[in-house]
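If you're matching positions, the sequence shown starts at 612 in the working numbering and goes up one per residue.
Heads up, the beta-carbon is just placed ideally off N, CA and C, and yes, glycines get one too.
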Amino acid sequence: MSTLVRMDVRGVMCVCFLFTGAASAAGFEATIGASVERQLGNVPNQPGGSVDSAPSEVPDTLRGGLRVDLGARLGRWFFGPLGELGFAPNCSLPSCYYYRVGAGARFHFAPEAPHDPWVGVAAVWELLGYKSGTNPGIPETQHGPSGVLQIGVDLRWEGIRVAPVLGISAGAYHLAGRDTAHGGISLGLTFTL
612 MSTLVRMDVR GVMCVCFLFT GAASAAGFEA TIGASVERQL GNVPNQPGGS VDSAPSEVPD
672 TLRGGLRVDL GARLGRWFFG PLGELGFAPN CSLPSCYYYR VGAGARFHFA PEAPHDPWVG
732 VAAVWELLGY KSGTNPGIPE TQHGPSGVLQ IGVDLRWEGI RVAPVLGISA GAYHLAGRDT
792 AHGGISLGLT FTL
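Right, dumping it as structure tokens:
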């Protein structure tokens, strides 16, 4: 192994140890957040159509939601379950809602600092529900796995932490052996107790 490669490996290891060193923050945390998300992609069939209908654009291109994360803070890490519920004010159908349930983790780069940047990931199961004009009163659903990546900066304020958050989601909806991709970009604000 060359000297240059050894120095690079040592440098990367030092940076990793710097970021994974123990921080004094530990215990239960609860976070509530609100976000607006722009959705892109398709649902497997036309809402109100049959299983064999062609895929159509997601009916909820703009979403607003509330997310709750409960879990444990262990040094620089946060782990725990999450739930999110929201509605689509510009739904192309009579009504649209969605929810996500799953688990996530966040890594905090400077947990003791007044400004604490972090990155988070979550694996969730997402359900999109809507009512179409062809089946009035009968909700239809699309569901499937999704992944969420978020970055934020916790700002300390009056005993709580407030964070602007940027998120990206990607997933698939399943129907009768067919999958369609969807995803979104979100902006939000969280409050951590």
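Length of the line joining the Cα atoms of residue i and residue j
i	j	result
Glu723	Ile796	29 Å
Pro775	Arg674	17 Å
Pro666	Cys707	17 Å
Arg678	Gly694	6 Å
Thr752	Ser743	11 Å
Arg649	Ile771	28 Å
Ile643	Leu696	12 Å
Ser646	His726	21 Å
Phe855	Pro705	For residue 855 there is no data in the structure shown, the boundaries of the chain being 612 and 804.
Contact set for residue i: own chain, Cβ-Cβ below 7 Å, skip 5 residues either direction
i	result
Ala716	Trp688, Phe689, Phe690, Gly731 and Val732
Arg684	Ala636, Ala637, Gly638 and Glu640
Rounded distance between the beta-carbons of residue j and residue i, thought under 8 Å
i	j	result
Asn653	His785	12 Å between Cβ atoms; not a contact.
Leu739	Asp671	7 Å
Closest by C-alpha distance to residue i, when choosing among the options
i	options	result
Gln761	Cys702, Leu777 and Pro750	Leu777
Ala714	Asp680, Pro750 and Cys702	Asp680
Ile779	Trp768, Gly763 and Glu769	Gly763
Pro692	Phe698, Gly676 and Gly682	Gly682
Contacting residues, own chain, Cβ-Cβ under 6 Å from residue i (five flanking each side not counted)
i	result
Arg711	Glu695, Val735 and Glu737
Cut-off 8 Å between Cβ atoms - residues of its own chain near residue i, not counting five sequence neighbours on either side
i	result
Cys702	Pro670, Asp671 and Tyr741
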